[in-house]
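Under our numbering, the first residue of the sequence shown carries the number 294, and numbering increases by one thereafter. Every residue gets a Cβ at the ideal spot worked out from N, C-alpha and C, and that includes glycine. Every value quoted in this text rests on a predicted model; they were computed, and no experiment measured them.
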Amino acid sequence: MLTDYMNLDSDMKNSVFYSSFKNVSDSLRQEMASNKSIKANFPYYNPNLIYTITKSYSKNSVAYHSKDSGVKFKLTEREPVNWKVST
């Protein structure tokens, strides 16, 4: 089983879900690069988890966006998705 913690941004017209681990990893790496006194081995995020999910409320559409080897992919759902968000 693979668990990924996601962030949600919404403007009441669209929603964007994206992996929180990539943002945490990038922020920590940036801080470590600017502050040489921090010495830590921080694992890289799993590149298979670099994706976003966008949802348009007006079109009732969902699209999965991913990138592999520099090639961007967009997969659009044809059936409505029943979202279950746990906290």
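Legend entry - Span of the beta strand (DSSP E) around Ile-346: Locating residue 346 in the sequence shown gives position 53, where the first residue counts as 1. It spans 344-349 - the beta strand (DSSP E) in which Ile-346 sits, taken as one unbroken run.
Legend entry - C-alpha gap between Ser-379 and Thr-369, whole angstroms: Residue 379 sits at position 86 when you count from the first residue of the sequence shown. Residue 369 sits at position 76 when you count from the first residue of the sequence shown. CA-CA distance, Ser-379 to Thr-369, rounds to 23 Å.
Inset, instruction - Please determine, among Asn-328, Ser-313 and Thr-345, the residue with the shortest C-alpha to C-alpha distance to Asn-307. - result: Residue mapping note: residue 307 aligns to position 14 of the sequence shown, counting from 1. Cα-wise, what sits closest to Asn-307 is Thr-345.
Inset, instruction - Between the Cα of Tyr-357 and those of Lys-348, Val-364 and Tyr-298, spot the shortest distance and give me the residue it belongs to. - result: Taking the sequence shown and counting its residues from 1, the one referred to as residue 357 is at position 64. Of Lys-348, Val-364 and Tyr-298, the residue nearest in Cα terms is Lys-348.
Legend entry - Cβ-Cβ distance between Ser-362 and Ile-343 below 9 Å: Position 69 of the sequence shown, counting from 1, holds the residue named residue 362. Position 50 of the sequence shown, counting from 1, holds the residue named residue 343. The answer is no: Cβ separation not under 9 Å.
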